[in-house]
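Q: This structure is in structure tokens; I'll ask about it shortly.
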Amino acid sequence: MNWKDRLALIFWRLTPAIALFSSAALLVLPIPPEYLRNILLPVFPSMQYFLFFGGITLAFTATFLFMLFVAVGAWVILFRKFIGVARVLQVVRSASKEQSPARQICQYIIGQLDART
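So the sequence shown is numbered by this note's numbering: it starts at 1407 and just counts up by one.
Written out as structure tokens, the structure reads:
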């Protein structure tokens, strides 16, 4: 397993936590607690609108970019997986006569898999 696959696996395992965090941010950012508003905005009450819409925009942008990253990563992983399967089938079908026992075993396995699908 190379470093790209490990990184993809780490992101895949962290996806539920990141989705939970982003959904919590979408709920919390538009309506901040009163004490947080008093701490952050004691002088400029007009900044509330800026923070409100800025927070919503930031949350939606971050969520959209993350989902785009996950979709592209999943597409690449699935594409590689299907290409890998096609390569294995190509190697098995073009195996030489010296490898006939291995070829027969592979053909049996492929036949069993085809029968199940």
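From the three backbone atoms N, C-alpha and C, an ideal C-beta is built for every residue, glycine too.
All values reported here derive from a predicted model rather than from experimental measurement.
Using the three-state DSSP reduction, which class does methionine 1473 fall into: helix, strand or coil?
A: Methionine 1473 falls in the helix class under three-state DSSP.
Q: Who are the near neighbours of alanine 1430 in its chain, counting only those whose CB is closer than 8 Å to its CB and skipping five residues on each side?
A: Once the five neighbours on either side are set aside, alanine 1430 has no close Cβ partner at all.
Q: On the CB-based measure, 16 or more other CB atoms within 10 Å of its CB, does alanine 1480 come out buried or exposed?
A: Exposed, because fewer than 16 other Cβ atoms sit within 10 Å of the Cβ of alanine 1480.
Q: Taking all protein chains shown into account, do 16 or more other C-beta atoms lie within 10 angstroms of the C-beta of alanine 1465, making it buried, or fewer, making it exposed?
A: Its Cβ being crowded by 16 or more others within 10 Å, alanine 1465 is buried.
Q: Give me the Cα-Cα distance between glycine 1460 and arginine 1522, rounded to the nearest whole angstrom.
A: In a straight line, the C-alpha of glycine 1460 is about 53 Å away from that of arginine 1522.
Q: Between serine 1428 and threonine 1463, which are expected to be in contact by the criterion C-beta below 8 Å, what is the C-beta distance as a whole number of angstroms?
A: Not quite, the Cβ-Cβ distance comes to about 14 Å (not below 8 Å), so this is no contact.
Q: Within the same chain, show all residues whose beta-carbon is closer than 7 Å to that of valine 1476, passing over the 5 residues directly before and after it, in chain order.
A: Excluding positions up to five away in sequence, the list reads Thr1421.
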